[in-house]
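Residue numbers (mature numbering (1 follows the signal peptide of the UniProt record, and there is no 0)): -19 to -1, 1 to 241.
What follows is one structure encoded as structure tokens, with my remarks underneath.
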């Protein structure tokens, strides 16, 4: 008889440990993916250090693409979890994008400064091929818009430059993984702006409308505006990304915003 109370208590504890009974017969259709953006980075480190930093350091990403051939795709964080890759960030008014994005790091040293100037390291063909396959899978499963495949420098222009000017945004856009301006329309619009360049306020408004919502709206060529313009140029006109306004940058902005 002494065993009976213990048995009853054990059954009660087991019932409590199993949690509440849930009726799942009425699922709501009103939901979407947590992930609204994909953010691309370079690691600024070699393969060994990249894995160590992203798994045991203070940062992380959902995926890491190695520098071997064929390039290994490492899954480091489940997509349903928040990885720590974006930091203080903003795009199209959404802030702190760790909560709403999937982060992809690519093993790449970034750049080195030399007496002749800054030299950027290229990505391998194997890495880009692996990235395209991975991105197509991610955007399809999460129904992510092409214009929401962006770089770290786009969402944090004051402090980040990755994935850098050698990242093939135009090639990705041709695969439906990003946006790219119609080049004939850019040439035509550039001729218009060659006669009279828009004001700082115009550039600020256009950058903000495109997605660079950290751009100040001061009407002046302040540091924040120049950083935002440089990030935009690095993405869409990587041959020159000095943050200085010119007719071609204005034309690209106009064409991209007209196509939204």
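Every residue gets a Cβ at the ideal spot worked out from N, C-alpha and C, and that includes glycine.
None of the values given here were measured: they were computed from a predicted structure.
### Task
Could you name the residues of the same chain whose beta carbon sits closer than 8 Å to that of residue 16, not counting the 5 residues immediately before and after it, in chain order?
In the chain shown, the residue the question calls residue 16 occupies position 35. Correct list, in chain order: 60, 81, 82, 83, 119, 123, 125.
### Query
Does the distance from the CB of residue 187 to the CB of residue 238 come in under 7 Å?
By one-based count along the chain shown, residue 187 stands at place 206. By one-based count along the chain shown, residue 238 stands at place 257. For residue 187 and residue 238, yes; Cβs fall inside 7 Å.
### Task
List in chain order: all unbroken beta strand (DSSP E) runs of 3+ residues lying wholly within the stretch 27 to 101.
Whole beta strand (DSSP E) segments, 3+ residues: 44 to 46, 54 to 56, 82 to 87, 92 to 95, 98 to 101.
### Query
What's the C-alpha gap between residue 241 and residue 165?
Counted from its first residue, the chain shown places residue 241 at position 260. Counted from its first residue, the chain shown places residue 165 at position 184. Residue 241 and residue 165 have their C-alpha atoms spaced approximately 17 Å apart.
### Query
Among residues of its own chain, excluding the 5 on either side of residue 113, which ones have a beta-carbon nearer than 6 Å to its beta-carbon?
On the chain shown, position 132 is the one that residue 113 refers to. Result list for residue 113: 156, in chain order.
#### Entry: Three-state secondary structure (DSSP) of residue 20
Locating residue 20 in the chain shown gives position 39, counting from the first residue. DSSP places residue 20 within a strand segment (E or B) once states are collapsed to three.
### Query
Using DSSP with H/G/I as helix, E/B as strand and the rest coil, what is residue 145?
To locate residue 145, count along the chain shown from 1; it is residue 164. Note: residue 145 maps to coil in three-state DSSP.
### Task
In angstroms with no decimal places, state the Cα-to-Cα distance between residue 51 and residue 8.
Within the chain shown, the letter at position 70 stands for residue 51. Within the chain shown, the letter at position 27 stands for residue 8. For residue 51 and residue 8, the distance between alpha carbons rounds to 42 Å.
### Query
Per DSSP, what kind of secondary structure is residue 130 in: helix, strand or coil?
Start at 1 with the first residue of the chain shown, and residue 130 comes out as number 149. Shown here, residue 130 sits in a strand according to DSSP, grouped into three states.
### Query
Just the Cα atoms here: how many angstroms apart are residue 142 and residue 173?
On the chain shown, residue 142 is found 161 positions in, with the first residue counted as 1. On the chain shown, residue 173 is found 192 positions in, with the first residue counted as 1. Answer to the nearest angstrom: the Cα atoms are 30 Å apart.
### Message
Between which two residues does the alpha helix (DSSP H) holding residue 178 run?
### Response
The count along the chain shown starts at 1 and reaches residue 178 at position 197. Careful: residue 178 lies outside any alpha helix (DSSP H) and carries neither H nor E.
### Query
Would residue -9 be called buried (16 or more neighbouring beta carbons within 10 Å of its own) or exposed?
The count along the chain shown starts at 1 and reaches residue -9 at position 11. With a pLDDT of only 45 at residue -9, under 50, the local geometry of the prediction cannot be trusted, and the value read off the model is given with reservation. That one is exposed.
### Task
State yes or no: is the C-beta of residue 159 within less than 7 Å of the C-beta of residue 138?
Residue mapping note: residue 159 aligns to position 178 of the chain shown, counting from 1. Residue mapping note: residue 138 aligns to position 157 of the chain shown, counting from 1. No, Cβ-Cβ distance for residue 159 and residue 138 is not below 7 Å.
### Query
How many whole angstroms separate the CB atoms of residue 150 and residue 208, which I take to be in contact at a CB cut-off of 8 Å?
Here residue 150 is taken as the residue at index 169 of the chain shown, counted from 1. Here residue 208 is taken as the residue at index 227 of the chain shown, counted from 1. Incorrect: roughly 18 Å between the Cβ atoms, too far for contact.
### Message
Going by DSSP, what residue range makes up the alpha helix (DSSP H) through residue 210?
### Response
As a position in the chain shown, residue 210 is number 229, starting the count at 1. Going by DSSP, residue 210 is part of the alpha helix (DSSP H) stretching over 204 to 217.
#### Entry: Buried/exposed call for residue 89, threshold 16 Cβ in 10 Å
For the purposes of this step, residue 89 is identified with residue 108 of the chain shown, where counting begins at 1. The residue is buried, with at least 16 neighbouring Cβ atoms inside 10 Å.
### Query
Is it buried or exposed for residue 21, if we count other Cβ within 10 angstroms and need 16 for buried?
Indexing the chain shown from 1 puts residue 21 at position 40. Its Cβ being crowded by 16 or more others within 10 Å, residue 21 is buried.
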